[in-house]
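Some notes on the structure that comes next.
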Amino acid sequence: MTRVVVLISGRGSNMQALLGAGLPVEFAAVISNNPDAAGLAFARQRGVATAVVNHRDYPDRTAFDAALAEEIDRHRPDLVILAGFMRVLTDAFVERYRARMINIHPALLPAFPGLHTHERALEEGVKVHGCTVHFVTPEVDVGPIIIQAAVPVLADDTSDSLAARVLKQEHRIFPQAVRWFAEGRLKLRGDGTVELDGAGPPQPPLISPTPEQ
Ligand code: GRF
851 MTRVVVLISG RGSNMQALLG AGLPVEFAAV ISNNPDAAGL AFARQRGVAT
901 AVVNHRDYPD RTAFDAALAE EIDRHRPDLV ILAGFMRVLT DAFVERYRAR
951 MINIHPALLP AFPGLHTHER ALEEGVKVHG CTVHFVTPEV DVGPIIIQAA
1001 VPVLADDTSD SLAARVLKQE HRIFPQAVRW FAEGRLKLRG DGTVELDGAG
1051 PPQPPLISPT PEQ
């Protein structure tokens, strides 16, 4: 069975959605850079091994990433999942997990990479916002797109209401992407394109729900 390591930094709701999705995977470990991450307790309660590699204990990114990789590799994962993991990773780390590390980003990439995506979406006045699951490549929040979900931006939205609408969709598309990977259907090709079932990019590539869904 596909062995999975999940990296979190905080709340861990995406990790919870993955743990609760009945996926054909073995959750080998949940690892956090933040000892206070709320998600760690949830994982422990579910009988999943947890570990903390605190970035504050290391002099620089290279040393932190080396320690993190050592901890990850102890669990021999087939797939590394960044689920709200809020550290920028070195190129060497990303290369080590090439084609077997995925991330969720709370925006429709390539729009709004980086932080504060919901605030920025409201500021820009976009009418459609959403979330993206992608393979991780060295540049932050850039990377071959696996699946996206779109949501409308409503006239009375605050960043909190918009974030909540997007988060609901994050909890749908992330398990879908992991399921495809675990079933051996999802691959990152050498040329950087994504394939599903040996064909082109996943279909449907976009989940476009109504606000109520
Ligand atoms: C999510 O919105 C995720 O897309 C972003 O950080 C947030 C983490 O939330 N990268 P949670 O920890 O999964 O609840």
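851 is the number of the first residue of the sequence shown in this note's numbering; add one for each residue after it.
Every residue gets a Cβ at the ideal spot worked out from N, C-alpha and C, and that includes glycine.
Model, not experiment: these values are computed from the prediction.
Spatial distance of residue i from residue j (CA atoms)
i     : j     : result
V930  : I952  : 7 Å
R894  : A888  : 11 Å
M851  : T900  : 19 Å
R970  : T940  : 26 Å
R911  : V990  : 14 Å
L1036 : S1011 : 32 Å
E1045 : Y908  : 37 Å
A1049 : A916  : 35 Å
R1064 : Q1019 : The requested residue 1064 is not part of the displayed model; the chain covers only 851 to 1063.
A1005 : E974  : 13 Å
D1007 : R1015 : 10 Å
I881  : N864  : 14 Å
Check whether residue i and residue j have beta carbons under 8 Å apart
i     : j     : result
V902  : P885  : yes
C981  : P1002 : no
V983  : I922  : no
V898  : L932  : no
A1013 : H968  : yes
R896  : E876  : no
Distance cut-off 7 Å: residue i Cβ against heavy atoms of the ligand GDP
i    : result
S882 : Ligands present in the displayed structure are limited to the ligand GRF, and the ligand GDP is not among them.
Nearest residue (CA-CA) to residue i, options the options
i     : options                      : result
F1031 : L1017, F985, A1005 and G1040 : F985
E920  : A899, D907, P909 and F943    : F943
F962  : V976, R896 and A867          : V976
L1017 : L1038, I954, G964 and E974   : I954
R948  : P1051, A1049, R853 and R1039 : R1039
I995  : D1007, N864, T1043 and E1033 : T1043
Other residues of its chain near residue i: CB distance less than 8 Å, five sequence neighbours each side excluded
i     : result
N883  : L857, S859, V902, V903, N904, H905, F914, L918, F935, M936 and R937
A978  : Note that residue 978 is Val in the sequence shown here, rather than Ala. Around V978: L958, A1000, V1001, P1002 and V1003.
P1025 : A867, L868, A871 and L873
E1033 : P874
Any non-hydrogen atom of the ligand GRF closer than 7 Å to residue i Cβ
i    : result
P809 : Outside the modelled stretch of the chain, which goes from 851 to 1063, sits residue 809, for which no answer is possible.
L972 : no
I954 : yes
M865 : yes
I858 : yes
Close Cβ partners of residue i (< 6 Å) along its chain, the five nearest in sequence each way excluded
i     : result
G993  : H984, F985, V986 and T987
H925  : V855, A878 and A879
R1029 : L873
Neighbourhood of residue i by C-beta distance below 7 Å, restricted to the same chain and skipping five residues each side
i     : result
F892  : G862 and Q866
S1009 : H968, E969 and L972
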